[in-house]
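> Quick one: the structure is below, and I'll ask about it shortly.
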Amino acid sequence: MIQATIIWYIVFLLFTPVLYLLLFFACFVAPLFLGIVVVICICVIAMFYVDLPVEHPWFVFIFAFCGGGLMGAFGMIAGIWATRFDQMAAFGNFVIMPLSMLSGVFYSIHSLPPVWQTISHFNPFFYMIDGFRYGFFGQSDTSPYLSLMIVLSFFIILSFITIRMLKSGYKLRN
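With our numbering, letter number 73 in the sequence shown gets 77, and the count goes up by one each step, no holes.
The following block contains the structure:
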């Protein structure tokens with residue numbers, strides 16, 4: 005989206021008789037497919053080459069789908085919002101990177117002080133990582149069903165925002 009906006013070939017996409025929903029799904033399927041393929045490769049490597057059992061493979065696939073969709077919606081929102089590559093980099097550096105680094109990827113949030121544990125519970129990436137952790141290892145900091153509900157609700161909210169931005173032509177039709 006950012007490249008189409010900056011190079012101005014987004015105009016040719018907007019002139020076509022394609023509905024905004026089709027444009028959303030076309031840009032949305034790639035991260036979903038990538039997430040599923042990466043998870044399948046990781047599961048195969050873990051199970052057959054490292055001899056590490058995957059405890060709950062269905063949770064891994066569900067969180068890969070929802071996490072890929074969540075990241076795809078974030079990317080589309082950033083691509084529509086940004087008008088320069090600098091703004092796209094700022095979105096990645098100041099939104100995506102802090103959310104991912106403060107989500108408990110490299111540590112359990114139980115090792116944090118109570119204030120930071122509370123703050124971590126407002127991070128949707130925490131629930132996505134925690135769901136993957138439950139799927140692979142069978143251990144999580146919160147209920148996997150709560151994590152699934154929160155990740156799925158953020159996925160739906162960000163998808164709705166993205167569809168509204170595409171429908172209104174926000175920063176695309178000017």
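Beta carbons are placed, not taken as given, at the ideal position from N, Cα and C, and that holds for glycine.
To the nearest angstrom, how far is it from the Cα of residue 56 to the Cα of residue 67?
Working through the sequence shown from its first residue, we reach residue 56 at position 52. Working through the sequence shown from its first residue, we reach residue 67 at position 63. If I take the Cα positions, the gap works out to 19 angstroms.
> Tell me which same chain residues have a C-beta within less than 7 angstroms of the C-beta of residue 154, skipping the five on either side of it?
The residue given as residue 154 occupies position 150 in the sequence shown. Taken in chain order, the residues that qualify are 128 and 131.
> Quick one: grab the DSSP three-state call for residue 143.
Locating residue 143 in the sequence shown gives position 139, counting from the first residue. Of the three classes helix, strand and coil, the one that applies to residue 143 here is coil, per DSSP.
> At the level of alpha carbons, what is the spacing between residue 174 and residue 126?
The residue labelled residue 174 in the question sits at position 170 within the sequence shown. The residue labelled residue 126 in the question sits at position 122 within the sequence shown. In a straight line, the C-alpha of residue 174 is about 28 angstroms away from that of residue 126.
> Check whether the region 91–108 and the region 20–37 touch, using three or more Cβ-Cβ pairs below 8 angstroms as the test.
The way I'd put it, the region 91–108 doesn't touch the region 20–37; fewer than three beta-carbon pairs between them come closer than 8 angstroms.
> I'd like to know if the region 41–55 and the region 114–121 are in contact, where contact means that at least 3 CB-CB pairs between them fall below 8 angstroms.
no
> Can you tell me where the alpha helix (DSSP H) with residue 77 in it begins and where it stops?
Counting from 1 along the sequence shown, the entry for residue 77 is found at position 73. Residue 77 -> alpha helix (DSSP H) spans 61–85.
> Is the beta carbon of residue 59 closer than 7 angstroms to that of residue 142?
The sequence position of residue 142 within the sequence shown is 138, counting from 1. The sequence position of residue 59 within the sequence shown is 55, counting from 1. Cβ atoms of residue 142 and residue 59: closer than 7 angstroms.
> Do you know offhand how far residue 75's Cα is from residue 159's?
For the purposes of this step, residue 75 is taken as the residue at position 71 of the sequence shown. For the purposes of this step, residue 159 is taken as the residue at position 155 of the sequence shown. C-alpha separation (whole angstroms): 9 angstroms.
> Can you find the residues in the same chain that come closer than 7 angstroms, C-beta to C-beta, to residue 78, ignoring five residues on each side of it along the sequence?
As a working mapping, residue 78 is identified with position 74 in the sequence shown. Excluding sequence neighbours, residue 78 sits near 100 and 162.
> Report yes or no: is there a C-beta of chain E within less than 7 angstroms of the C-beta of residue 107?
Among the protein chains of the structure shown there is no chain E, as only one such chain exists.
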